[in-house]
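**Student:**
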Amino acid sequence: RSPRPRVAADGPLDPTVLALLGDRVELLPWEATAGPILPVDGLYTYGHPAVDAEMLDRLPGLRVVSNYGVGIDHIDMAAASARGIPVGNTPGVLDGATADLAFALLLAASRRVVEGDRYARSPAFTSYDPGSMLGREVHGSTLGIVGLGRIGEKVARRAIGFDMAVCYQNRNPRPEVEAALGLRYSSFEQLLAESDFVVLCVPLTDRTRGLIDANALGRMKPTAVLVNVSRGPVVVTDDLLAALRSGTIAAAGLDVTDPEPLPRDHGLLAMDNLVLTPHLGSATDRTRRRMAELSVANLLAGLDGLPLPSPVPPTALGSP
Ligand code: 8YV
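Numbered according to full-length UniProt numbering, the sequence shown spans residues 6 to 325.
#1: Using a threshold of 8 Å, state whether the C-beta atoms of G258 and P227 are closer than that.
#2: Would you decide whether T262 is buried or exposed? Buried here means 16 or more other CB atoms lie within 10 Å of its CB.
#3: Is the region 77–97 touching the region 138–153, taking contact as three or more C-beta pairs under 8 Å?
#4: Could you give the DSSP three-state label for F193: helix, strand or coil?
#5: Can you check whether the C-beta of L279 is within less than 8 Å of a C-beta belonging to chain C?
#6: Out of E120, V69 and G27, which one is the CA nearest neighbour of L281?
#7: If you reduce the DSSP assignment to three classes, tell me which class T147 lands in.
#8: At what residue ranges does the region 208–245 contain a whole run of the beta strand (DSSP E), taking only runs of 3 or more?
#9: Is it true that the CB of G310 sits closer than 8 Å to the CB of R68?
#10: Counting beta carbon pairs with one atom in the region 261–277 and one in the region 34–52, are three or more of them shorter than 8 Å?
#11: Relative to the C-alpha of T210, which residue among G223, R236 and L112 is closest?
#12: Go ahead and pull the three-state DSSP assignment for Y51.
#13: With DSSP as the reference, identify every bridge partner of F202, one or two as the case may be.
#14: Could you tell me how far apart the beta carbons of D19 and A297 are, in whole angstroms, since I believe they sit closer than 8 Å?
#15: Once DSSP output is grouped into helix, strand and coil, what is the label at N303?
#16: Give every residue of the same chain whose Cβ lies closer than 7 Å to the Cβ of A321, excluding the five residues on either side of it in the sequence, and list them in chain order.
#17: Using CA atoms only, rank isn't needed, just tell me which of A198, A104 and S192 is closest to C206.
#18: Flag this pair as touching only if the region 213–226 and the region 186–202 have three or more C-beta atom pairs under 8 Å; answer yes or no.
#19: Rounded to whole angstroms, what's the CA-CA distance from S137 to R291? Just pull it up for me.
#20: Using CA coordinates, which residue listed in T131, I165 and N303 is at the minimum distance from N94?
#21: If you follow the alpha helix (DSSP H) that E158 is in, where does it begin and where does it stop?
#22: Tell me, please, whether the region 147–155 touches the region 170–177 by the rule of three or more beta-carbon pairs shorter than 8 Å.
Below, the structure is given as structure tokens:
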């Protein structure tokens, strides 16, 4: 047995993670989890691939699972807890960056920034036209936040700066945040009906999978803009495509899709009323560094049998 703990990691690894790990662990390719060839002491993941009961049973020496990211929908938390394996993630450090990107998508989709960029570069743009490319006004409108966790709260703060009225939906009302920021708690149906912008900040669980389907989209205003910075499967992709095509809603901004990436010939890729980014929510230099530091600290603590600096509560809803 190697004197250094063995960690099976899904790649590509953040260079900061590699630098912080140095030679403290022996990194194995993820494929090492496939069979009982090598003992594995730790797992290092990136929001995927699945860590399920069957895999955990194949890794009897496993001491920790560390995820570079906050979403743990790929990890069977019940199975990990039942086997006494701590799971770490990186909440807190990426909230601001993800909320910033939600606003980038919101502004880009409503003010047609990407479409405008394409037009301004094209030969079709020959002269200024006051009637062309009118968008949806952001200030003075109503924003509905689905999922008022850490990221949702940051989105609310930004919305207030944009002079928006903010309503939210959460599993449990959050009266203290409501009072501090002047938010309004709404039922899901009410939020969909009255919001000019709906921003999804929920984790992916059995309760949120497919939450935004044809029925939900049909309740939204035809002028509304949907923004998703959570997980792709929270939205039913085909239903969103139909809604964007038929004008059921006006536009969407997506940082995540189902599947991700979308197949090159997918209908969504042809829609001018869609702004798409490749899962960039936490992709800034400073946030990535903090994610690297926290995920490596979780990994090393778990390998040493110490409490993780940022453990996922064993009751959290992860279900690959
Ligand atoms: C990461 C994320 O980029 O934290 C999350 O849940 O989705 C992102 O911050 C992702 O985990 C890396 O794959």
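Don't be surprised by glycine CBs; every beta carbon is placed ideally from N, CA and C.
**Tutor:** In this structure, then:
#1: Working through the sequence shown from its first residue, we reach residue 258 at position 253. Working through the sequence shown from its first residue, we reach residue 227 at position 222. No; because the gap between Cβ atoms is not below 8 Å, this pair is not in contact.
#2: Counting from 1 along the sequence shown, the entry for residue 262 is found at position 257. By the Cβ-count criterion, T262 is buried, with 16 or more other Cβ atoms from all chains shown falling within 10 Å of its own Cβ.
#3: no
#4: On the sequence shown, residue 193 is found 188 positions in, with the first residue counted as 1. If DSSP states are grouped into helix, strand and coil, F193 belongs with the helices.
#5: Among the protein chains of the structure shown there is no chain C, as only one such chain exists.
#6: As a working mapping, residue 281 is identified with position 276 in the sequence shown. It is E120.
#7: Looking up residue 147 in the sequence shown gives position 142. DSSP places T147 in strand when its eight states are reduced to three.
#8: List check, beta strand (DSSP E) in window: 230–233.
#9: In the sequence shown, residue 68 corresponds to position 63, counting from 1. In the sequence shown, residue 310 corresponds to position 305, counting from 1. Cβ atoms of R68 and G310: closer than 8 Å.
#10: no
#11: The residue you call residue 210 lines up with position 205 of the sequence shown. Here the closest residue by C-alpha is R236.
#12: For the purposes of this step, residue 51 is identified with residue 46 of the sequence shown, where counting begins at 1. It is coil, neither helix nor strand.
#13: The residue given as residue 202 occupies position 197 in the sequence shown. Looking at the DSSP assignment, F202 forms a beta bridge with L148 and V230.
#14: In the sequence shown, counting from the first residue as 1, residue 19 sits at position 14. In the sequence shown, counting from the first residue as 1, residue 297 sits at position 292. Right, their Cβ atoms sit about 5 Å apart.
#15: Taking the first residue of the sequence shown as 1, we reach residue 303 at position 298. Three-state result, N303: helix.
#16: On the sequence shown, position 316 is the one that residue 321 refers to. Contacts found: I77 and M82.
#17: By 1-based counting over the sequence shown, the position of residue 206 is 201. Closest option to C206, Cα to Cα, is A104.
#18: yes
#19: Mapped onto the sequence shown, residue 137 falls at position 132. Mapped onto the sequence shown, residue 291 falls at position 286. Rounded to the nearest angstrom, the two C-alpha atoms are 38 Å apart.
#20: As a first step, residue 94 is located in the sequence shown; it is residue number 89 there, counting from the start. N94 has its Cα closest to that of N303, out of T131, I165 and N303.
#21: In the sequence shown, the residue the question calls residue 158 occupies position 153. It spans R155 to G166 - the alpha helix (DSSP H) in which E158 sits, taken as one unbroken run.
#22: By the criterion of at least three beta-carbon pairs nearer than 8 Å, the region 147–155 is in contact with the region 170–177.
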